[in-house]
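*Asks:*
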Amino acid sequence: MSDTNTGKQTALVYAECAEGSLRRVALEALGAARLLVGDGGSVHAVVVGGGASAAAALQTAAAELAARGAEVVHVVDDPALAGFAPEAYAAAIGAAVAAVQPSIIVLGHTAAGRELAPRVAAAVSGGHIADVTAVDVAAGGGAAAIFTRPLYAGKAFEQRRFLPGAPQVITVRPNNLPVAEPVAPGSEGTVAALAYSAPPLWTIVRDVVRKASGRIDLAEADIIVSGGRGVRSADGFAPLEELAAVVGGAVGASRGACDAGYCDYSLQIGQTGKTVTPKLYIACGISGAIQHLAGMSQSRVIVAINKDPEAPIFGVADYGIVGDLFEVVPLLTEQFRALLGNPGS
Amino acid sequence: MQLVVLIKQTFDTEEKIELVNGTASEQNVKFIINPYDEYALEEALRLREAHGGTVTVVSCGPDRTVEALRTALAMGADEAVLLSADGLQGDDGYAVGAALAKVVEQLKPDLLLAGLFAVDRGAGSVALQIAERLGLPQAAAALKVEVKDAGAGGGADGKSLSPSGASWAGGGVKQVAVVERDTEWGAQTVEVPLPALITAQQGLNEPRYPSLPGIMKAKKKPLKQISASELGLAADDLAPRTERVALQGPPVRAAGRKLAGTPQEQAAQLADLLQREAKLF
Chain H
1 MSDTNTGKQT ALVYAECAEG SLRRVALEAL GAARLLVGDG GSVHAVVVGG
51 GASAAAALQT AAAELAARGA EVVHVVDDPA LAGFAPEAYA AAIGAAVAAV
101 QPSIIVLGHT AAGRELAPRV AAAVSGGHIA DVTAVDVAAG GGAAAIFTRP
151 LYAGKAFEQR RFLPGAPQVI TVRPNNLPVA EPVAPGSEGT VAALAYSAPP
201 LWTIVRDVVR KASGRIDLAE ADIIVSGGRG VRSADGFAPL EELAAVVGGA
251 VGASRGACDA GYCDYSLQIG QTGKTVTPKL YIACGISGAI QHLAGMSQSR
301 VIVAINKDPE APIFGVADYG IVGDLFEVVP LLTEQFRALL GNPGS
Chain D
1 MQLVVLIKQT FDTEEKIELV NGTASEQNVK FIINPYDEYA LEEALRLREA
51 HGGTVTVVSC GPDRTVEALR TALAMGADEA VLLSADGLQG DDGYAVGAAL
101 AKVVEQLKPD LLLAGLFAVD RGAGSVALQI AERLGLPQAA AALKVEVKDA
151 GAGGGADGKS LSPSGASWAG GGVKQVAVVE RDTEWGAQTV EVPLPALITA
201 QQGLNEPRYP SLPGIMKAKK KPLKQISASE LGLAADDLAP RTERVALQGP
251 PVRAAGRKLA GTPQEQAAQL ADLLQREAKL F
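These protein sequence lines map, in sequence, to chains H and D.
Per the UniProt record's numbering, the very first residue in the first sequence carries number 1; after that it's consecutive.
Per the UniProt record's numbering, the very first residue in the second sequence carries number 1; after that it's consecutive.
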């Protein structure tokens with residue numbers, strides 16, 4: 001292991017791919033890793049996949065990582081990695097850890113990252129600081145680096161650090177840290193295949209019912225149009241979906257809307273459900289229960305549309321419209337359609 | 001089946017967080033079983049109803065956690081174990097994971113269940129660290145769970161599946177869990193060999209309320225309290241890997257302005273402000 005307090009730091013980034021391409025959070029993780037190791041340190045990345053069309057996609061992802069500051073990108077391409085079997089993926093990261101001997105390992109706080117990081121941390125007898133929203137290296141890297149993360153879904157924030165000597169694993173929340181910038185031409189890193197033998201396989205993937213293509217994941221969405229009890233029915237989400245389609249956003253919901261059966265729990269935003277930090281959050285017919293506010297009040301700009309002028313949501317909204325969402329939302333969709341020159345569909 | 005459920009006592013999600021001397025005040029706070037752990041417990045109770053066996057709830061926390069464990073017993077769990085947080089840095093997943101792994105190992109579960117994450121710290125790390133330490137396969141964010149006898153190759157339909165790495169697995173694959181799980185890429189159905197860890201996602205089930213007879217019975221059910229020093233772990237296993245430097249409230253958000261006019265005017269104003277003032281478009 002490289003020294004965690006002083007001297008040269010080495011980081012390993014698990015660069016997650018989805019649908020054959022690198023996720024933005026992978027570049028955010030790479031940016032965090034570069035910041036943490038500083039100028040004298042080095043950053044390695046590992047990309048993982050398998051199956052018929054994986055090889056070309058992995059090479060494209062690896063080239064992008066190498067162009068953005070990964071000194072070496074380790075490529076693991078194996079049939080065992082075609083579907084997400086956590087034990088197979090954790091073993092691929094383990095192979096990279098053995099090759100690189102990093103002092104810090106960085107993953108995205110995504111569905112996959114959240115499943116892998118705790119296993120990796122336990123395997124290296126290290127600490128895991130999860131869901132990091134800010135990284136401060138003013139006092140130095142290693143054990144001096146300070147990580148900010150939300151508690152109670154954002155009702156409070158804590159700063160944590162690793163104790164000296166402990167191997168470090170962090171997961172970074174999508175949409176919060178800057179992506180790694182490209183390095184000067186000529187200083188790109190290298191790409192190398194990493195030897196891997198699959199562990200005993202514990203997971204048979206029987207079936208995947210994919211989400212509608214093009215649907216944007218809530219955690220990574222720049223814009224979220226969210227509905228509450230005020231949408232009144234499952235059909236009531238239609239104008240919200242239309243607005244989201246025109247502005248290129250995702251649709252979310254409050255617990256009230258989910259509990260009432262208007263939409264799937266996978267859309268729920270709040271302390272139970274997902275915590276989101278988009279650039280723009282448009283709350284439609286959401287009163288603003290404290291557990292919902294916890295999940296969205298770190299959004300950069302908040303818009304509230306609600307009939308009740310006393311609704312708590314207006315207390316956190318930058319712009320509020322007291323009115324009927326079924327009247328206002330379609331008008332807003334028209335405005336954006338004209339503004340963006342986007343026919344929407 | 002031996003079913004073990006990891007539960008954590010958390011603040012009610014409707015509670016505000018008051019910071020006093022750098023920690024979250026517990027004065028007048030209502031505590032609940034972490035909602036995701038409640039889904040895990042309900043699923044364990046249903047699996048026991050279908051397959052027989054016992055449900056043991058395990059928690060690590062301060063003395064007040066007894067209340068959450070009694071609630072779990074009142075819902076129908078058979079036994080409870082409270083690992084005292086004294087001497088453990090409770091906000092560090094490594095030390096808590098090491099100690100709880102030892103407790104779980106002694107219970108030799110066929111199935112370990114836990115919530116996807118706890119609504120207080122939100123890391124979702126401890127249960128998976130325990131799975132890694134004990135060699136358990138995992139199926140995370142479950143929306144549906146079924147336990148079946150294993151097929152010829154281990155998996156159903158003749159597919160091959162390696163045995164769980166749990167030390168008490170006893171060789172070969174005897175039973176599998178078929179789990180529909182919630183992922184970012186869709187609903188995925190997986191099959192894992194038991195013993196395994198399953199974490200519960202919202203939507204898995206509707207947890208029952210404790211019945212009055214259940215509450216009465218719970219008072220007589222076994223609730224064992226142990227401390228980490230009794231587990232025979234090395235000092236390094238119980239040494240935290242991380243520490244808190246500071247705790248703060250969220251950045252204060254000032255209420256903005258309400259837009260006046262007809263709905264048409266409001267919509268036009270809003271689009272204009274988002275473009276020119278907020279510079280979002």
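Note that CB positions come from ideal geometry on N, CA and C, so glycine has one too.
Which residue's Cα is closest to the Cα of I32 of chain D: D:Y209, D:A267 and D:A271?
*Replies:* If you number the second sequence from 1, residue 32 of chain D lands on position 32. Among D:Y209, D:A267 and D:A271, the Cα nearest to that of I32 of chain D belongs to D:Y209.
*Asks:* Check the Cβ-Cβ distances between S2 of chain H and every residue of chain D, and say whether any is below 7 Å.
*Replies:* Here residue 2 of chain H refers to the residue found at position 2 when the first sequence is read from its first residue. Legend: pLDDT at S2 of chain H = 43, less than 50; position of this residue unreliable, no value from coordinates given.
*Asks:* Please decide whether Q271 of chain H counts as near chain D, where near means a Cβ-Cβ distance under 7 Å.
*Replies:* Within the first sequence, numbered from 1, the residue matching residue 271 of chain H stands at position 271. Interface residue, yes.
*Asks:* Looking at the unbroken alpha helix (DSSP H) that takes in D272 of chain D, where does it start and where does it end?
*Replies:* Position 272 of the second sequence, counted from the first residue, corresponds to residue 272 of chain D. From DSSP, the alpha helix (DSSP H) with D272 of chain D extends over P263 to R276.
*Asks:* Report yes if the CB atom of A123 of chain H is closer than 7 Å to the CB atom of T275 of chain H, and no otherwise.
*Replies:* For this step, residue 123 of chain H is matched to residue 123 along the first sequence. For this step, residue 275 of chain H is matched to residue 275 along the first sequence. For A123 of chain H and T275 of chain H, no; Cβs fall outside 7 Å.
*Asks:* Should N175 of chain H go down as buried or exposed, given a rule of 16 or more other Cβ atoms within 10 Å for buried?
*Replies:* For the purposes of this step, residue 175 of chain H is identified with residue 175 of the first sequence, where counting begins at 1. Classification for N175 of chain H: buried.
*Asks:* Considering only the alpha carbon of each residue, which of H:S226, H:V137 and H:V169 lies closest to P102 of chain H?
*Replies:* Here residue 102 of chain H corresponds to residue number 102 of the first sequence, with the count starting at 1. For P102 of chain H, the nearest C-alpha among the options comes from H:V169.
*Asks:* Residues of chain D with a CB under 7 Å from the CB of G154 of chain H: which are they?
*Replies:* Locating residue 154 of chain H in the first sequence gives position 154, where the first residue counts as 1. By Cβ distance, chain D contributes P250.
*Asks:* Starting from the C-beta of T65 of chain D, find all residues in its chain whose C-beta is less than 6 Å away, skip the five residues before and the five after it, and write them out in chain order.
*Replies:* The sequence position of residue 65 of chain D within the second sequence is 65, counting from 1. Q9, S59 and L82.
*Asks:* State yes or no: is the C-beta of A96 of chain H within less than 7 Å of the C-beta of A70 of chain H?
*Replies:* By 1-based counting over the first sequence, the position of residue 96 of chain H is 96. By 1-based counting over the first sequence, the position of residue 70 of chain H is 70. Contact flag unset, no.
*Asks:* Just to confirm my understanding: we take P312 of chain H, look at its own chain, exclude 5 residues before and 5 after, and list those with CB closer than 6 Å. What are they?
*Replies:* Taking the first sequence and counting its residues from 1, the one referred to as residue 312 of chain H is at position 312. If we look at P312 of chain H and ignore the five residues flanking it on each side, its Cβ neighbours are G288.
*Asks:* I'd like the span of the beta strand (DSSP E) that includes F237 of chain H, first residue to last.
*Replies:* Your numbering for residue 237 of chain H matches position 237 in the first sequence. Here F237 of chain H belongs to no beta strand (DSSP E), and DSSP marks it neither H nor E.
*Asks:* Between G90 of chain D and A91 of chain H, what straight-line distance do the alpha-carbon atoms span, to the nearest angstrom?
*Replies:* Start at 1 with the first residue of the second sequence, and residue 90 of chain D comes out as number 90. Start at 1 with the first residue of the first sequence, and residue 91 of chain H comes out as number 91. Taking the straight line joining both Cα atoms gives about 28 Å.
*Asks:* Using the C-alpha atoms, what's the distance from D259 of chain H back to M1 of chain H?
*Replies:* In the first sequence, the residue the question calls residue 1 of chain H occupies position 1. In the first sequence, the residue the question calls residue 259 of chain H occupies position 259. Only weak support is given to the placement of M1 of chain H: the predicted model assigns it a pLDDT of 44, under 50, and the value that follows is read from those uncertain coordinates. Taking the straight line joining both Cα atoms gives about 49 Å.
*Asks:* Just checking, does the segment 324-339 of chain H make contact with the segment 35-47 of chain D on the three C-beta pairs under 8 Å criterion?
*Replies:* No, they do not touch.
*Asks:* Would you call G261 of chain D buried or exposed, if buried means 16 or more other Cβ atoms sit within 10 Å of its Cβ?
*Replies:* For this step, residue 261 of chain D is matched to residue 261 along the second sequence. Under this definition G261 of chain D is an exposed residue.
*Asks:* By the three-class DSSP mapping on this structure, what secondary structure does E146 of chain D have?
*Replies:* As a working mapping, residue 146 of chain D is identified with position 146 in the second sequence. If DSSP states are grouped into helix, strand and coil, E146 of chain D belongs with the strands.
*Asks:* I'd like to confirm the pairing. Which residues does DSSP put opposite N306 of chain H in its beta bridges?
*Replies:* Within the first sequence, numbered from 1, the residue matching residue 306 of chain H stands at position 306. Answer is H:V322, bridged to N306 of chain H.
*Asks:* Distance check for G315 of chain H and P109 of chain D, CA to CA, integer angstroms please.
*Replies:* The residue given as residue 109 of chain D occupies position 109 in the second sequence. The residue given as residue 315 of chain H occupies position 315 in the first sequence. Their Cα atoms are separated by approximately 48 Å.
*Asks:* Between D182 of chain D and chain H, is there a C-beta pair that is closer than 7 Å?
*Replies:* Looking up residue 182 of chain D in the second sequence gives position 182. Yes, its Cβ sits closer than 7 Å to a Cβ of chain H.
*Asks:* So what does DSSP say about G90 of chain D, is it helix, strand or coil?
*Replies:* Here the question's residue 90 of chain D lines up with position 90 in the second sequence. Coil.
*Asks:* Could you tell me whether any Cβ in chain D is nearer than 7 Å to the Cβ of I321 of chain H?
*Replies:* Taking the first sequence and counting its residues from 1, the one referred to as residue 321 of chain H is at position 321. Yes, I321 of chain H counts as interfacial toward chain D.
*Asks:* Compare the Cα-Cα distances from Q335 of chain H to each of H:A244, H:S226 and H:G295 and report the closest residue.
*Replies:* On the first sequence, position 335 is the one that residue 335 of chain H refers to. Closest option to Q335 of chain H, Cα to Cα, is H:A244.
*Asks:* Is S345 of chain H buried or exposed, if buried means 16 or more other CB atoms sit within 10 Å of its CB?
*Replies:* Within the first sequence, the letter at position 345 stands for residue 345 of chain H. Because S345 of chain H sits at a pLDDT of 43, beneath the cut-off of 50, its placement in the model cannot be relied upon, and the point is left open.
*Asks:* Leaving aside the five residues before and after E43 of chain D along the sequence, list all residues of the same chain whose C-beta is less than 8 Å from its C-beta, in chain order.
*Replies:* In the second sequence, the residue the question calls residue 43 of chain D occupies position 43. Result list for E43 of chain D: L113, A142, V145, I198, A200, L204 and N205, in chain order.
*Asks:* Regarding A200 of chain D and the ligand GDP, is the C-beta to nearest heavy atom distance less than 6 Å?
*Replies:* As for the ligand GDP, it is missing from this structure, which has no ligand bound.
*Asks:* Let's see if you can read the secondary structure: which residues bound the beta strand (DSSP E) around residue 361 of chain H?
*Replies:* Residue numbering for chain H in the displayed model covers 1 to 345; residue 361 of chain H lies beyond these limits and cannot be assessed.
*Asks:* Residues of chain D with CB under 8 Å from K279 of chain H, in chain order?
*Replies:* Residue 279 of chain H sits at position 279 when you count from the first residue of the first sequence. By Cβ distance, chain D contributes L280.
*Asks:* Give the C-beta separation of residue 350 of chain H and T110 of chain H to the nearest angstrom, bearing in mind that I take them to be a contact with Cβ-Cβ under 8 Å.
*Replies:* Nothing in the structure corresponds to residue 350 of chain H, since chain H is present only between 1 and 345.
*Asks:* Strictly by DSSP, which residues pair up with Q138 of chain D?
*Replies:* On the second sequence, position 138 is the one that residue 138 of chain D refers to. Its beta-bridge partners are D:L197.
*Asks:* Evaluate the contact criterion for the segment 154-172 of chain D versus the segment 235-242 of chain H: three or more CB pairs, one atom per stretch, below 8 Å.
*Replies:* Flag = no, the segment 154-172 of chain D and the segment 235-242 of chain H do not touch.
*Asks:* Per DSSP, which one or two residues make a beta bridge with Y281 of chain H?
*Replies:* Here residue 281 of chain H corresponds to residue number 281 of the first sequence, with the count starting at 1. Paired residues: H:I224 and H:I302.
*Asks:* Could you tell me which residues DSSP pairs with K274 of chain H in its beta bridges?
*Replies:* By 1-based counting over the first sequence, the position of residue 274 of chain H is 274. Paired residues: H:I269.
*Asks:* Look at L100 of chain D and I130 of chain D and say whether their C-beta atoms are less than 7 Å apart.
*Replies:* Numbered from its first residue, the second sequence carries residue 100 of chain D at position 100. Numbered from its first residue, the second sequence carries residue 130 of chain D at position 130. Their beta carbons are under 7 Å apart, which means L100 of chain D touches I130 of chain D by this criterion.
*Asks:* The beta strand (DSSP E) that contains V208 of chain H, what's its start and end?
*Replies:* Locating residue 208 of chain H in the first sequence gives position 208, counting from the first residue. Here the beta strand (DSSP E) through V208 of chain H covers I204 to R210.
*Asks:* I'd like to know whether the C-beta atoms of V179 of chain D and P193 of chain D end up nearer to each other than 7 Å.
*Replies:* Within the second sequence, numbered from 1, the residue matching residue 179 of chain D stands at position 179. Within the second sequence, numbered from 1, the residue matching residue 193 of chain D stands at position 193. In this structure, P193 of chain D does not lie closer than 7 Å to V179 of chain D by Cβ.
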